[in-house]
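First to last, the sequence lines map onto chains D and Z. Heads up, the first sequence is in the working numbering, so the first residue is 1 and it goes up one at a time. Heads up, the second sequence is in the working numbering, so the first residue is 215 and it goes up one at a time. Taking it in order: structure first as structure tokens, then the write-up.
2 protein chains.
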Amino acid sequence: MRNLQPDQTTDTRLRLIESASEIFIERGFKDAKIRDIVEQAKTNRAAVNYHFGGKEGLYAAVLQHNAALAIQDMSPAVNEARAPEEQMRFYIRTFLKRLLDDNIQSRMSKLIAREVVEPTAAFDLVVEQFAVPLHKTLNGIMHAILGPNASEESVRRCSMSIIGQCLYYQRARRAVQRLDPDFSYSPANIDRLADHISDFSLGGLRAVAQQRAS
Amino acid sequence: MRNLQPDQTTDTRLRLIESASEIFIERGFKDAKIRDIVEQAKTNRAAVNYHFGGKEGLYAAVLQHNAALAIQDMSPAVNEARAPEEQMRFYIRTFLKRLLDDNIQSRMSKLIAREVVEPTAAFDLVVEQFAVPLHKTLNGIMHAILGPNASEESVRRCSMSIIGQCLYYQRARRAVQRLDPDFSYSPANIDRLADHISDFSLGGLRAVAQQRAS
DNA sequence: TTGAAATTAAAACAACTGTTTGATACAAGT
DNA sequence: ACTTGTATCAAACAGTTGTTTTAATTTCAA
């Protein structure tokens, strides 16, 4: 049985999950080396297999741990009964921040983003449990902005247009820096970027809505 | 010296570059296995080192070969003196097709997209030589649509909003399929998608332009 | 204190993968 | 015919990396 006081046992488990979180997010499942993880966690290689049964088990534990750490849901965005345009602004700003800052609470978003673009064995679980709800929330906002006549298809296309813009700045970081050396990933500039994506997307939604009307 | 008649020598080189192109595009530099490449090319492992000096050399040859195969430039889009909005539609459609069809001519675009999101040692070369010109062309179109008062910054932000949308459908293929099971990567639907991204982005550009004006 | 269970640690292991080697074949020029 | 440079191939090699083993240690209840 696992010890109850803060001894080495649970400590090792936690330290492993902690450093594994960082390294999995940084390099992805495949490029993350167990040796690096255990070194950062100041423990032994075998500890991974002992506590988690292997690399995949450790990854699963990382997902579970970080899922518990942060409420992934974006429902606050829609629950505050603001205008749907404001809900969208909030959604975009929150999503971008989660992708681009180093907050521990944001780890789960980064893990999801990684799965979306670079699936592992946990893809189905992560998408089902996290990506789908996130998308549903955004789809709801899109629907509210586009109006009741909007097709499910345009709703989904618009959601993906927004997600695509946000993901680009996370996944193509190096290219962004090269194509726009002035661009900074500072919190202030991330807010400005969120504003741009929001303005751009609101315009896009208006165009798509009118397109339908005509 | 390499033989001049169509013997095995040049044949092996070409077969290697051909199968390497496919496999590098499919799995990326790191996950591409030399064993798989030489098997598909029906030759020996050592051939890679003999002809190209190693895996990196083969990758470099793949880049060079595919760069020569297809004119990457998008200038036709701006050279036909159409309205800038039409230039943008053309740009998006062409770019999307290059990312999503299996045309041999499209390989270079896929290699560039991969570098943007998953840089290798060839990143600087590829970006400098290919991504920058592509972006410059798009920036020019953005500038034409946004008007002469548009800041360089909004021009770049808008370009990246467009690129981000396009890349999403390539890199997040599996997630797209899951989040929208009806979505098809058929040529016809790619055209429809290009229309959506164009409509959405045109609306976005209008909004950004007005935003400046106000 | 003692003994069983849990945990940690180092080393051995096995699979994978890019590279090198050494042998061989072949074509072309002398 | 002989030599030389080119090309191919199988096998050996070396580095990396996840896993297993086996022994040592720690913890905790009796």
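Ideal Cβ positions, reconstructed from N, Cα and C, are used throughout, including at glycine.
Cβ neighbour criterion (16 or more within 10 Å) applied to residue i
i       : result
V53(D)  : The sequence given here has Gly at residue 53(D), not Val. G53(D) is exposed by the Cβ-count criterion.
D245(Z) : exposed
Y273(Z) : buried
Q210(D) : exposed
Y168(D) : buried
N280(Z) : buried
A327(Z) : buried
Q165(D) : buried
G147(D) : exposed
I285(Z) : exposed
I318(Z) : exposed
R27(D)  : exposed
D7(D)   : With a pLDDT of 41 at D7(D), under the threshold of 50, the modelled position of that residue is not reliable, and the figure given next carries that caveat. Classification of D7(D): exposed, given that the 10 Å Cβ count is below 16.
A188(D) : exposed
R156(D) : buried
Q219(Z) : Low confidence applies to Q219(Z): its pLDDT is 35, below 50, so where it sits in the model is not reliable, and the reading given next is rough at best. By the 10 Å Cβ count, Q219(Z) comes out exposed.
R216(Z) : Any reading at R216(Z) needs caution, since the residue's pLDDT is 36, under 50, leaving its predicted position unreliable; the model's value is listed next. With fewer than 16 other Cβ atoms within 10 Å, it is exposed.
Proximity of residue i and residue j at Cβ, strictly below 7 Å
i       : j       : result
A150(D) : D413(Z) : no
L100(D) : Y185(D) : yes
V117(D) : R171(D) : yes
A41(D)  : R15(D)  : yes
H265(Z) : R227(Z) : yes
R321(Z) : S235(Z) : yes
P298(Z) : I359(Z) : yes
I237(Z) : D225(Z) : no
I25(D)  : K110(D) : yes
L69(D)  : I190(D) : no
G204(D) : G271(Z) : no
T120(D) : F183(D) : no
I231(Z) : V276(Z) : yes
Near the ligand ATP: residue i beta-carbon under 6 Å from a heavy atom
i      : result
A20(D) : Questions concerning the ligand ATP fall outside what the structure shown contains, since it holds no ligand whatsoever.
Review point. Between the stretch 120-139 of chain D and the stretch 387-395 of chain Z, are three or more C-beta pairs nearer than 8 Å?
Key: yes
Point to revise | Touch test, the stretch 138-149 of chain D against the stretch 81-88 of chain D, Cβ-Cβ under 8 Å, three pairs minimum | key: yes
Point to revise | Entirely enclosed alpha helix (DSSP H) segments - the stretch 224-283 of chain Z, minimum 4 residues | key: 248-254, 259-266 and 269-283
Check your understanding: What residues from the stretch 370-384 of chain Z come within 7 Å of chain D, judged by C-beta to C-beta, listed N to C?
Key -> R370, R371, C372, M374, S375, I377, G378, Q379, L381 and Y382
Check your understanding: Listed from N- to C-terminal order along the chain, which residues in the stretch 195-206 of chain D have their beta-carbon within a distance smaller than 8 Å of any beta-carbon of chain Z?
Key -> H196, I197, D199, F200, S201, L202, G203, G204, L205 and R206
Check your understanding: Contact between the stretch 371-387 of chain Z and the stretch 153-163 of chain D: three or more CB pairs below 8 Å?
Key -> The stretch 371-387 of chain Z is in contact with the stretch 153-163 of chain D.
Practice item. Scan the stretch 81-163 of chain D and note each continuous alpha helix (DSSP H) run of 4 residues or more that stays entirely inside, going in chain order. Key: 84-100, 107-117, 123-126 and 132-146
Check your understanding: Can you list, in chain order, the residues of the stretch 328-346 of chain Z whose Cβ is nearer than 9 Å to any Cβ on chain D?
Key -> Those would be E329, V330, V331, E332, P333, F337, D338, V341, E342, A345 and V346, in chain order.
Practice item. Return the residues of the stretch 251-283 of chain Z that lie within a Cβ-Cβ distance of less than 9 Å from chain D, sorted by chain order. Key: Those residues of the stretch 251-283 of chain Z that come within reach of chain D (Cβ to Cβ, closer than 9 Å) do not exist; the list is empty.
Check your understanding: Using a beta-carbon distance cut-off of less than 7 Å, what residues from the stretch 7-34 of chain D approach chain Z?
Key -> none
Check your understanding: What residues in the stretch 391-406 of chain Z have a beta carbon less than 7 Å from any beta carbon of chain D?
Key -> So the close ones are R392, L393 and D394.
**Study point:** chain D contacts from the stretch 300-324 of chain Z (Cβ-Cβ distance under 7 Å)
**Key:** none
**Study point:** Every unbroken alpha helix (DSSP H) within the stretch 382-415 of chain Z, with a cutoff of 4 residues, ordered by chain
**Key:** 387-393
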